[in-house]
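Below you'll find the structure, written out as structure tokens, and then a few comments.
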Amino acid sequence: MEIFLQTIGAVNDETRIKLLRFIDEHGPLCVCELEESFEMIQSRISRHLKILKDAGFLRVERQGRWAYYSIRSPLDSFRQNVLKEISYLEIELPKLTKACTND
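Numbering follows this note's numbering, in which position 83 of the sequence shown is assigned residue number 251; successive positions increment by one, without gaps.
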């Protein structure tokens, strides 16, 4: 029951739904790219990403000083169905802004 409630709670927010769809469409993205694309401060984006990660939707991979977020694989059928339903929503997403540099 706790996992179900945590999953539902994670997608009970418009920004998190948009983030999931955005990451699902664009693949692994750095926090700085999400910050720039969504025009949000880092702490707010990071909070949303943590909630989605803790709910089992995202995985994080560190590459040097950058953290890249992607859809966790494999996903259980419940989370797969949630992502599928999100893909049907008519929502406006921002354009991807590439912001991270490899130095």
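For glycine and all other residues, C-beta sits at the position ideal for the given N, C-alpha and C.
Check: For Asp181, the nearest candidate out of His216, Pro196, Asp192 (CA to CA); Outcome: His216
Check: Touching by the beta-carbon criterion (3+ pairs, under 8 angstroms), the region 238-258 and the region 181-200; Outcome: yes
Check: Per-residue DSSP class, three states only, for Cys268; Outcome: coil
Check: Burial state of Asp271, where buried means 16 or more other Cβ atoms lie within 10 Å; Outcome: Summary for Asp271: the model assigns pLDDT 49, below 50, so the residue's position carries little reliability; its value from the coordinates is reported in the next sentence. The residue in question, Asp271, is exposed, as its Cβ has fewer than 16 Cβ neighbours within 10 Å.
Check: Expected contact under 8 angstroms - CB spacing of Thr265 and Ser214 to nearest Å; Outcome: That pair is no contact at about 17 angstroms.
Check: Integer Cβ distance of Thr175 from Gly224, believed to fall under 8 angstroms; Outcome: 7 angstroms
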